[in-house]
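Everything on this sheet refers to the single structure shown next.
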Amino acid sequence: MKRKTNAVLFFLFFARVIPSTTGESDIASLHCDYSPQFERVFFRSLIGCWKFFESSRFGNGVLLFKHHYHYHQVKLREGEIDTRAPFASVKAAVSLFGEAAFSGSGEKPVIKKSKLPPTERVLVKETQLHLAQKELNKFKEQLKNAETTKAQALNELEKAKRTVDDLTQKLKTINESKESAIRATEAARNQAKQLEEATAGNSLQSNAAWEHDLDSAREQYSLALSELNVAKQELTKIRQDYEVSMEAKAAAFKQAAEAENSAKANTERASEISKEISAAEESLVDVKHAAMQAQQERVNILSGKEAQRQSYGAALKEAENKLESFKKGFDPTLPGSLEAKLAETDAEIGALKKEMENAKDSDLDSVKFVTLELDDAKESLQKVAEEENSLRSLVESCKTELEKVKKEHSELKEKEAVTESIAGSLHVQLRISKAELEAALAEETKAKDASDELVTTIQQLSLESENARTEAEQMKKNVEDLKKEAEETRHALEEAKKKLEVALNEAEEAKAAETKALGQIKVLSERTNAARASTSESGAKITLSTEEFESLNRKVEESDVLAEMKIAAAIAQVEAIKESEKEAQRKLETNWKEIEEIKVATEEATKRAEMAEMAKKAIEGELRRWREREQKRAAEAASRILAETEAASSPDSSPAPPFQPKLMKKQPSEKKSSPVNEKFQKAFSEKISKSRKFDKNNGSKKLLPSLSGIFHKKKNQVEGGSPSYLPGENPV
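Throughout the sequence shown, residue numbering follows mature numbering (1 follows the signal peptide of the UniProt record, and there is no 0), covering -23 to -1, 1 to 709 in sequence.
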């Protein structure tokens, strides 16, 4: 008996230090002569202690054993025997055994699984959060860069709008110069009409008025030349102002606050341009109508000229007939006959004088009668002389009139040639003005289309900027949500740490309760040894009352139930911690996914910014080419108008030949562009194809294909036409 009890005590003291590898089978093999109920309770408590040691032997179990072993050595050294009851009450025993069982069976997975890994997980999560914060800072910097690039793109779009405004102003000046030229041609036409009306009247009395009209026409032509020079100077001033404005643009771009106002002003300007274009179209219709009227008037003038020619021919024929009649009526032998008559009369007078001398003594009446006859004869002679003088003066006046008529006829022929040349030049000028107006209308339509396309591109870019802003705000919100979730995970981890600390405290309390239970078991063993020593003489059996036996059974059952409940609670806590860890892992995965999406969005924003820059450069190049072409056309129009005015300003020196305008020859379209343009176009088309593929994959539409269409349209226009320059500008 002593050996068996000593074996039990040895096992009780040394079970923590030298655990058996056989487990419960070795413990069950140790038997004693106790009752089976006591043996069952005792060995269950030992099994619980064994399990607790198994769970914590690598921790502080050895220290507990050393403490307990020292305590037991002190008790054994003193040799005291505790005769008190082993348990104060059934509740205390249940609590002791239950806590020991719970600490031995239930705390194993909690301590084993959640002591070290949660700290490591917290560190991993903190590192992940730190990395996520760094990446978020990077994304913020990328967003700032994207916003700066977007602002630069908006500034460059404002640049393009301003260049469009400058081009529209240049078109206005060109239109005004054309209108002034048309007015000059109309004035010349009116002067020609006035001259023809003046020639239709009395040609003999209107020479002075015609010369005055010629002088006034010359003065008007000189005024027209001075106006053309003024227009040329204004063009040079416009060019200088344009250069000054280009220099002032660099300083004006810094005013970012005026960006929205300028955009609104540009939209209003676009509407005004559309109105002006419609007005220009109406004016073109009016010009065409005026040209038709001028053509009709020219036809009427030509018909009037034919009628005047016929009338002048009839008048010349009548004058020639009159001269011939005068010539026929004038007898050259008439003076000789008159002289013969005078001689005869003189002879008769002499005869009469002789007769009078002979017949002086005749009657006075006959003398008076003869004197009267002589007086009559003298008067008749005087009349004949006067008639002769009048006839001579008439002949001389007829000769002078013939010379005047010949001169007038030659002058009329010269005037007709001049008027015909002027009419031909005016007709050619009308044709040229029509062609120029049609070209200007075509250019205006092209400019209108380009402005409309620019407005649409600006609207699309504004929409994309708004979308980018909304995406940035959403990204910021997502970042804030991620921060909140990280803080929540931190709080959850802190709560888990607190729970772990509570569980560790409970484990320590269970260990303390176990030490108490071990002490009580030692006391019970000592009591049993004493009882056995006292009852060894009578027998080796221990007698227990039924009440004690039932109470012990109840305590064992209650301890089992409590142990199971605590095990279930511990398992539930473990499952909850696992679920929380899984949720944290899921949240981290979602956060990583969102971070990847943010990266993709930033890459898209950078791609869009690059494409916007490429489109902007293409638009600027096309606008530059269009401006050069318009400048060259304006210079050619100005030079042509100057040549026409100089040719028309000298009509009196020599008859002006029919005007032969210098038609503009289109340059042949270049079949091969420069390699730089080819590379640029290839890169631009590749980027557009990539953006289209990306848009098809994501199901969204982008802006740049329309810009590529604008680029190709403008390229074809530039290759088909010839560049234009202002007067004084060197060709590129």
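For glycine and all other residues, C-beta sits at the position ideal for the given N, C-alpha and C.
Quantities reported herein were computed from a predicted structural model and do not represent experimental measurements.
Query	Result
Using the rule of at least 16 other Cβ atoms within 10 Å of the residue's Cβ for burial, across every protein chain shown, is K376 buried or exposed?	exposed
Measuring alpha carbon to alpha carbon, tell me which residue in K475, K576, R504, A489 is nearest E448.	K576
Check whether the segment 138 to 155 and the segment 603 to 615 are in contact - that is, three or more C-beta pairs closer than 8 Å.	yes
For A624, collect the residues of the same chain with a Cβ closer than 6 Å to its Cβ; drop the 5 residues on either side in sequence, then sort them by chain order.	none
Quick one: measure Cβ to Cβ for E462 and N530, integer angstroms, because I've assumed they're closer than 8 Å.	So it is not a contact: roughly 53 Å between Cβ atoms.
Looking only at C-alpha atoms, which of V276, L414, S367, Q436 sits nearest to E397?	V276
What does the alpha-carbon distance come out to for the pair E566 and S557?	14 Å
A445 and A123 - do their beta-carbons sit closer together than 8 Å?	yes
May I have the straight-line CA-CA distance separating S646 from E597, to the nearest angstrom?	Because the pLDDT at S646 is just 37, under 50, the model does not fix this residue reliably, and the value given afterwards should be weighed accordingly. C-alpha separation (whole angstroms): 21 Å.
Using 8 Å as the threshold, is the C-beta distance between E112 and I548 below it?	no
Distance check for E483 and S536, CA to CA, integer angstroms please.	17 Å
Do E109 and L600 have their C-beta atoms within less than 8 Å of each other?	Reading the sequence as shown, one finds Ala at residue 109 and not Glu. Cβ distance not < 8 Å, so A109 and L600 don't count as in contact.
Buried or exposed, going by whether 16 or more other CB atoms sit within 10 Å of the CB of K593?	buried
How many angstroms separate the CA atom of A555 from the CA atom of M452?	One point to set straight first is that residue 555 is Lys, not Ala, in the sequence displayed. So the two alpha carbons sit approximately 31 Å from each other.
Under 8 Å between the Cβ atoms of T579 and F116?	yes
Is it buried or exposed for V533, if we count other Cβ within 10 angstroms and need 16 for buried?	buried
State yes or no: is the C-beta of E607 within less than 8 Å of the C-beta of L205?	no
By the 10 Å Cβ neighbour count, where 16 or more other Cβ atoms means buried, how is E196 classified, buried or exposed?	exposed
Less than 8 Å between the CB atoms is what I'm expecting for A296 and V382, so what's the real figure, rounded?	6 Å
State buried or exposed for R369, treating a residue as buried only when at least 16 other CB atoms are found within 10 Å of its CB.	exposed
How long is the line joining the alpha carbons of Q217 and N114, rounded to whole angstroms?	49 Å
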